[in-house]
Amino acid sequence: MSATSPHLLLNKFTTAAAIASTPIPRLAFSLVSSSPKFQLFSSAFASRLLPHPPTLSSSLIFPRVLSTFNIAMGDAPDAGMDAVQRRLMFDDECILVDENDCVVGHDTKYNCHLWEKIESGNMLHRAFSVFLFNSKYELLLQQRSATKVTFPLVWTNTCCSHPLYRETELIEENALGVRNAAQRKLLDELGIPAEDVPVDQFISLGRILYKAPSDGKWGEHELDYLLFIVRDVTVNPNPDEVADVKYVNRDQLKELLRKADAGEEGLKLSPWFRLVVDNFLFGWWDHVEKETVKEAVDMETIHKLA
Numbered sequence: 001m002s003a004t005s006p007h008l009l010l011n012k013f014t015t016a017a018a019i020a021s022t023p024i025p026r027l028a029f030s031l032v033s034s035s036p037k038f039q040l041f042s043s044a045f046a047s048r049l050l051p052h053p054p055t056l057s058s059s060l061i062f063p064r065v066l067s068t069f070n071i072a073m074g075d076a077p078d079a080g081m082d083a084v085q086r087r088l089m090f091d092d093e094c095i096l097v098d099e100n101d102c103v104v105g106h107d108t109k110y111n112c113h114l115w116e117k118i119e120s121g122n123m124l125h126r127a128f129s130v131f132l133f134n135s136k137y138e139l140l141l142q143q144r145s146a147t148k149v150t151f152p153l154v155w156t157n158t159c160c161s162h163p164l165y166r167e168t169e170l171i172e173e174n175a176l177g178v179r180n181a182a183q184r185k186l187l188d189e190l191g192i193p194a195e196d197v198p199v200d201q202f203i204s205l206g207r208i209l210y211k212a213p214s215d216g217k218w219g220e221h222e223l224d225y226l227l228f229i230v231r232d233v234t235v236n237p238n239p240d241e242v243a244d245v246k247y248v249n250r251d252q253l254k255e256l257l258r259k260a261d262a263g264e265e266g267l268k269l270s271p272w273f274r275l276v277v278d279n280f281l282f283g284w285w286d287h288v289e290k291e292t293v294k295e296a297v298d299m300e301t302i303h304k305l306a
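Shown next as structure tokens:
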């Protein structure tokens with residue numbers, strides 16, 4: 001490593017602090033604090049070159065400090081990660097739950113999706129999967145962006161994401177927190193205005209619990225709420241999140257399944273979507289067409305699928 005002025009390091013760190021606004025993830029802080037460049041920064045304080053060091057507490061440092069400091073030092077974790085995905089991974093905090101869907105804590109999206117942590121710990125987090133049908137009872141699918149950290153370029157249901165550890169998305173009654181999160185993410189990912197998908201129009205049909213690796217480093221371990229809604233909507237996909245969209249009828253979806261199974265056209269489906277398709281979707285689709293979806297609701301059972 002080339003020689004670096006401790007004062008230059010301080011300037012970079014304090015500049016980063018000036019634009020920060022939210023608490024740093026504990027893992028991210030540990031990555032920084034263990035790096036040789038951060039230790040050089042700390043040694044400047046120890047040698048009294050910088051006489052008034054800040055308190056470097058994991059509850060007081062900020063994620064944008066981490067990001068800016070690491071990038072400036074050329075030592076960023078997952079340096080190839082897309083900038084938008086990096087922000088979401090370190091700023092967003094998922095809701096940790098046990099297998100009965102009781103909240104037990106929260107952690108960064110980054111930690112929750114590291115396969116090593118999923119395998120070695122209790123990184124089970126709450127999620128949701130939206131299935132949006134138009135008035136012709138066609139299902140809207142999306143292809144995930146190439147920059148997504150987990151399962152890039154796979155085809156999946158309309159929208160798949162996580163309620164975050166915030167007041168409006170922790171509301172348990174009638175899964176209101178999850179439905180609030182679904183409305184938020186339909187706008188973020190697909191540009192669907194909130195007025196097109198009123199929260200009270202989502203029907204939570206059930207919950208599944210599954211675990212799936214992505215690429216060796218990343219994966220999913222989710223307790224997933226399955227939300228159905230029938231609405232004609234305006235769609236304006238966000239390219240940071242979505243590569244493509246399409247509406248499909250039953251026969252078109254079956255053809256997608258066939259191609260995915262045959263490995264044709266490089267087509268892949270997300271594991272959670274495939275689990276829902278194989279176990280529930282076509283039966284629930286009958287209810288959608290008959291306008292009897294509420295008859296299929298089962299929020300008592302948590303289906304453990306593999």
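full-length UniProt numbering puts the first residue of the sequence shown at 1, with every later residue one more than the last. For each residue, glycine too, the CB sits at the ideal point set by N, CA and C.
* Please list the segments of the beta strand (DSSP E) lying wholly inside the UniProt domain "Nudix hydrolase" (123-275), counting only runs of 3 or more residues, in order along the chain. => 125-133, 139-144, 159-161, 203-213, 219-230, 242-248
* **Bridge partner(s) assigned by DSSP for Val104** => Here the question's residue 104 lines up with position 104 in the sequence shown. Its beta-bridge partners do not exist; DSSP assigns none.
* Work out the CA separation of Gly219 and Lys109 for me, nearest whole Å. => Numbered from 1 along the sequence shown, position 109 holds the residue referred to as residue 109. Numbered from 1 along the sequence shown, position 219 holds the residue referred to as residue 219. Spanning the two alpha carbons is a distance of roughly 11 Å.
* For His113 versus Arg207, is the C-beta spacing smaller than 8 Å? -> Translated into the one-based positions of the sequence shown, residue 113 becomes position 113. Translated into the one-based positions of the sequence shown, residue 207 becomes position 207. Result no, Cβ atoms of His113 and Arg207 do not sit closer than 8 Å.
* Asked: Since Glu93 sits in a beta bridge, which residues does DSSP pair it with?
  -> Translated into the one-based positions of the sequence shown, residue 93 becomes position 93. Beta-bridge pairing links Glu93 to Thr108.
* Asked: So what's Leu114 in DSSP terms, helix, strand or just coil?
  -> Within the sequence shown, the letter at position 114 stands for residue 114. Look at Leu114 here: in three-state DSSP terms it is strand.
* Arg86 to Ser161, Cα distance in whole Å? -> Residue mapping note: residue 86 aligns to position 86 of the sequence shown, counting from 1. Residue mapping note: residue 161 aligns to position 161 of the sequence shown, counting from 1. Cα to Cα, the separation comes out at about 16 Å.
* Asked: Opposite His303 in the DSSP bridges: which residues?
  -> Your numbering for residue 303 matches position 303 in the sequence shown. Paired residue(s): Ile208.
* Asked: Using the C-alpha atoms, what's the distance from His106 back to Tyr165?
  -> On the sequence shown, residue 165 is found 165 positions in, with the first residue counted as 1. On the sequence shown, residue 106 is found 106 positions in, with the first residue counted as 1. Distance between the alpha carbons of Tyr165 and His106: 7 Å.
* Asked: Excluding the five sequence neighbours on either side, which residues of its own chain have a C-beta within less than 6 Å of the C-beta of Leu305, listed in chain order?
  -> By 1-based counting over the sequence shown, the position of residue 305 is 305. Counting only Cβ-Cβ distances below 6 Å, and skipping sequence neighbours, we find Ile208, Tyr210, Leu275.
* Contact set for Lys246: own chain, Cβ-Cβ below 6 Å, skip 5 residues either direction -> As a working mapping, residue 246 is identified with position 246 in the sequence shown. Closer than 6 Å at the Cβ level, and outside the excluded window around Lys246, lie Leu141.
* Quick one: grab the DSSP three-state call for Lys290. => Counting from one through the sequence shown, the residue named residue 290 turns up at place 290. Residue state, collapsed to three classes: helix.
* With a cut-off of 8 Å on the beta carbons, I'd call Leu223 and Leu88 a contact; round off their distance for me. => Taking the first residue of the sequence shown as 1, we reach residue 223 at position 223. Taking the first residue of the sequence shown as 1, we reach residue 88 at position 88. Not confirmed; about 20 Å, so no contact.
* How would you call Gly177, buried or exposed, if buried means at least 16 neighbouring beta carbons within 10 angstroms? -> The residue you call residue 177 lines up with position 177 of the sequence shown. Buried.
* Asked: Does the beta-carbon of residue 366 have 16 or more other beta-carbons within 10 angstroms, so that it is buried, or is it exposed?
  -> Nothing can be reported for residue 366, as the shown portion of the chain is limited to 1 through 306.
* Asked: Helix, strand or coil for Val84 per DSSP?
  -> The residue labelled residue 84 in the question sits at position 84 within the sequence shown. Val84: helix per DSSP, three-state reduction.
* Asked: Going by beta carbon distance, what residues of the same chain come within less than 7 Å of Leu60, once the five residues before and after it are set aside?
  -> Working through the sequence shown from its first residue, we reach residue 60 at position 60. Since pLDDT at Leu60 reaches only 36, below the 50 mark, its modelled position is unreliable, and the value read off the structure follows with that caveat. Within the same chain, Leu60 has no close Cβ partners at all.
* What does a CB cutoff of less than 8 Å around Thr14 pick up in its chain, not counting 5 residues either side in sequence? -> Numbered from its first residue, the sequence shown carries residue 14 at position 14. With a pLDDT of only 39 at Thr14, under 50, the local geometry of the prediction cannot be trusted, and no value is derived from it.
* Asked: Using DSSP with H/G/I as helix, E/B as strand and the rest coil, what is Asp278?
  -> Counted from its first residue, the sequence shown places residue 278 at position 278. DSSP places Asp278 in helix when its eight states are reduced to three.
* Short Cβ contact (8 Å threshold) for Val149 with Leu190 -> Translated into the one-based positions of the sequence shown, residue 149 becomes position 149. Translated into the one-based positions of the sequence shown, residue 190 becomes position 190. Not closer than 8 Å, so no.
* Proximity of Leu205 and Val104 at Cβ, strictly below 8 Å -> Taking the sequence shown and counting its residues from 1, one reaches residue 205 at position 205. Taking the sequence shown and counting its residues from 1, one reaches residue 104 at position 104. Not closer than 8 Å, so no.
* Throw me the rounded Cβ distance for the Val248 and Ser145 pair, which I believe falls under 8 Å. => Along the sequence shown, one-based indexing puts residue 248 at 248. Along the sequence shown, one-based indexing puts residue 145 at 145. Not really, about 19 Å apart at Cβ, beyond 8 Å.
* Backbone CA spacing between Ile192 and Gly121 [nearest angstrom] -> If you number the sequence shown from 1, residue 192 lands on position 192. If you number the sequence shown from 1, residue 121 lands on position 121. So the two alpha carbons sit approximately 36 Å from each other.
* To do: Would you mind working out which of Thr301, Trp155, Tyr225 sits nearest Lys259, comparing C-alpha positions?
  => Here residue 259 corresponds to residue number 259 of the sequence shown, with the count starting at 1. Taking only the C-alpha atoms, the option nearest Lys259 is Trp155.
* C-beta contact flag for Asn111 and Asp188 at 8 Å -> Stepping through the sequence shown from its first residue, residue 111 is reached at position 111. Stepping through the sequence shown from its first residue, residue 188 is reached at position 188. Taking 8 Å as the Cβ cut-off, Asn111 and Asp188 do not qualify as a contacting pair.
* Do Leu227 and Phe90 have their CB atoms nearer than 8 Å? -> Mapped onto the sequence shown, residue 227 falls at position 227. Mapped onto the sequence shown, residue 90 falls at position 90. Note that the C-beta distance between Leu227 and Phe90 is not below 8 Å.
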